[in-house]
Structure formats: C-alpha cells, structure tokens
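Every letter in the first sequence is one number past the one before it in my numbering, and letter 251, counting from 1, is 778.
Glycine included, each C-beta is placed from N, C-alpha and C at the ideal position.
Every value quoted in this text rests on a predicted model; they were computed, and no experiment measured them.
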Amino acid sequence: MPELPEVETVVRGLRPAMERHRIVSVRLARPDLRFPFPDNFSDILTGARITSLSRRAKYALADLDNGWVLIMHLGMSGSFRVQDTSAETQPGQFHHERSKDTLHDHVRFDMETGTQVIYNDPRRFGYMSVVERRALEQHKLFSGIGVEPLGNALSADYLAARFNGKQVPMKAALLDQRIIAGLGNIYVCEALWRARISPRRKAASLVRRDGRPTQRLHALVDAVRSVLGDAIEAGGSSLRDYVHADGSLGYFQHAFSVYDREGEPCPRQTCSGVIHRIVQSGRSTYYCPVCQR
DNA sequence: CGCATCCCCTGCCTGC
DNA sequence: TGCAGGCAGGGGATGC
C-alpha cells in the first residue's frame, strides 16, 4: 500500500504511541523480513527512548536518545497497529492465538507506557534496520536517494537537469527513487493525469534544447506537489479516527482519478476519453490517451 | 552506465 | 466448490 502520503500518515499515527516514550522490549517473530534484522537490532532498541518520529521518502524513521535511528520500510503490504495491554489483550498474545489478522505480525515494540506497537506484513517486502544518526545520510539506503517531492529541492530546473537526455518513459522516470524519492505507482499515474502528460512520453521531451524546463515540466512539478499534498490531507483528515477500533494504522480512503479505473470515463470535465491500462516496466499504468499527451 | 526483466512473498479476485 | 492464473501501491539483483 504505502507510498509517501501513506507513510506520512503512518508516522503521524504512531507519534502518540511512540514519541518521547521508551522501548522496554522488542519481539521478533522471525529473523528476517525482506532482509535479516541486524544482529544488534534488539540491543540497540531495548531501553532506548524515541526522541522523534519522521519520514524520509517512503521510510519511517525513529530517532533514539542513544544516537541511533530505527529505519522502517513498509514494502507493499506493511502496516502498524497500536494496542494497549491493559484490556483484553494478554501479554503473551504475540506468540499464540494467531488469527487471520495476527498471522503476519512480525515485530512488536513494547513501550514503557504499556502500549504495544505491532508491525504486520503479509508479503514481507518491508524491512527494518538501525543505523547511527551521524551515518544515516551515508547509509546505503539513503546515499543515492533523490529529492523530497514536497521539499524546496524539487523544482522544474532540477527535473530538467535530471531528465535531460533520458530516453525512459515519464512513468519510469517519476518512479525512479534516485530522482524523486517517495512517488509510487499510484501517485505517478495521478500526477501525470493532473499535468495532462502521457506516461509514455520520453522524459527528455519535457526539457528544452537549451536544457531549460518546458512549461509542461513546470506543470508536472505542480501536479506532483498537489497530488501528494491532497493525499496527505486526506490521510490527516482521517487521522482522528486513524487509530481504528482494532488499532490498525495506515489505510485511508482516497479517491483516485485514473488509478484502477480502466474503462471508466476520464473524470476531466471537458474530456471525452476513457481510461486505459497499459504495462510499463512490468507495472500497471492508468491514463487517459485523449487529454494526456 | 542505462534500461528491461525477473524475482521476492502472500492474499485476493476472476474465470473455467 | 476447487483450482489455476493473474494481479497487487515495494525495490533489489541480474544481464544485455
């Protein structure tokens, strides 16, 4: 599920349970997710206080008071839920009484408050690690990563420099985390629709011969920002009931304009097109061939 | 180097 | 109702 807006919403949802609180123990149901947990994982986390939770690209980061950072990536199917131990839940519940919902609980953080933060991930494409704060930017996961799409570093000039000469389709260029970090399949489709740009167009075609951005590239930057901003807003507005009755985090309803709407009419008022689905780099792209050129 | 393809894993939906 | 096949919002590894 999670792209940047979902991770941002997860981080906000986890703050009350984790920020400023100490982790008293960590339980791992298995030695790995996508990658093995590092050997020192539990040692670093046990007894540490989380000073702040933040997001970088699609990573959730927990700064610890011992100088380390907990890195969490939710992959395709990762989610968190928060639950109190006081009520019906038994302390040992993590390792037995596995229902359909708890089958893929892989990590449990026990907070000093008595709250449990549980990571569930059926497909196990997510992963966690720990790194010293001062080494974070040099860490393999972050050293080659692109700009934050909602930060000042994303501009038409920046994209013109990165797209210049690129023969890949727009879809692939926007999914490339080395250029912009945090966009995923859904929001790339949505941003291209808003900017009226075909996902099949070559990235370089939005750069002028003198290397300056075209008007359409300016429009694309605006579209990326607005699509993500709207999605975060939708997540935020659902945040008040964001921790559901079962404590689950991470999902909120958001209407998409083209994603998963193959065969439906293009929602643009003045457009008579129909949404098409094509496959690009092995993944579904949805777009309107009439208004996206 | 850039780019395409395959792969990791489980669950869910479709069609036969 | 069972079962095969396709698909899923992540990205890493490999080979050209």
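For Arg788 and Tyr714, the gap between their C-alpha atoms comes out near 14 Å.
According to the DSSP assignment, Met545 belongs to the alpha helix (DSSP H) that extends over 531-545. At a Cβ-Cβ threshold of 7 Å, Ser725 and Gln819 count as neighbours.
Within its own chain, the residues whose Cβ lies closer than 6 Å to the Cβ of Gln694, once the five positions on either side in sequence are excluded, are Lys729, listed in chain order.
Distance check between Leu710 and each of Gln742, Val644, Ser753 places Ser753 closest, using alpha-carbon atoms only. Per the coordinates, the alpha-carbon of Asp611 lies some 38 Å from the alpha-carbon of Ile707. The continuous stretches of alpha helix (DSSP H) do not include Ile550, which lies in the beta strand (DSSP E) extending over residues 550-555. Taking 7 Å as the cut-off, the Cβ atoms of Arg576 and Arg542 do not count as close. Looking from the CA of Gln704, the closest CA among Ser579, Pro792, Ser656, Leu681 belongs to Leu681.
Put simply, of Asp637, Thr578, Asp648 the residue whose alpha carbon is nearest the alpha carbon of Arg561 is Asp648. Inclusion of Ala544 and Thr642 in the CB contact set at 7 Å is warranted, their separation being smaller than that value.
Boundaries cannot be given for Asp648, as no alpha helix (DSSP H) includes it and DSSP labels it neither H nor E. Counting only residues of its own chain and dropping the five nearest sequence neighbours on each side, Asp590 has a CB closer than 6 Å to the CB of Thr578, Ser579, Val596.
No residue range can be given for Met603, since it is assigned to no beta strand (DSSP E) and is classified by DSSP as neither H nor E.
Within its own chain, the residues whose Cβ lies closer than 8 Å to the Cβ of Arg557, once the five positions on either side in sequence are excluded, are His633, listed in chain order. Per DSSP, Asp737 is not a residue of any alpha helix (DSSP H), being assigned neither H nor E.
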